[in-house]
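Numbering (this note's numbering), first residue to last: 29 to 67.
Note that beta-carbon positions come from the ideal geometry of N, C-alpha and C, so glycine has one too.
Since the model is a prediction, treat every value here as computed from it, not as a measurement.
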């Protein structure tokens with residue numbers, strides 16, 4: 029399944045948009061949180 033990752037306001041979408049290091053990269057929710065500097 030999928031685990032949601034709440035990143036905050038819509039303005040943060042640029043951090044995982046096309047061309048960013050995390051875009052289309054396979055990772056767990058915990059790994060994505062770490063990559064985006066979330067708790």
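Between residue 67 and the rest of its own chain, which residues show a CB-CB distance below 8 Å, the 5 nearest in sequence each way excluded? Taken in chain order, the residues that qualify are 61.
Please work out which residues of its chain come closer than 6 Å, Cβ to Cβ, to residue 59, disregarding the five sequence neighbours upstream and downstream, and give them in chain order. Excluding sequence neighbours, residue 59 sits near nothing in its chain.
Check this for me: beta carbons of residue 42 and residue 48, under 9 Å apart or not? Cβ atoms of residue 42 and residue 48: closer than 9 Å.
Rounded to whole angstroms, what's the CA-CA distance from residue 55 to residue 63? Just pull it up for me. The straight-line gap from Cα to Cα measures roughly 10 Å.
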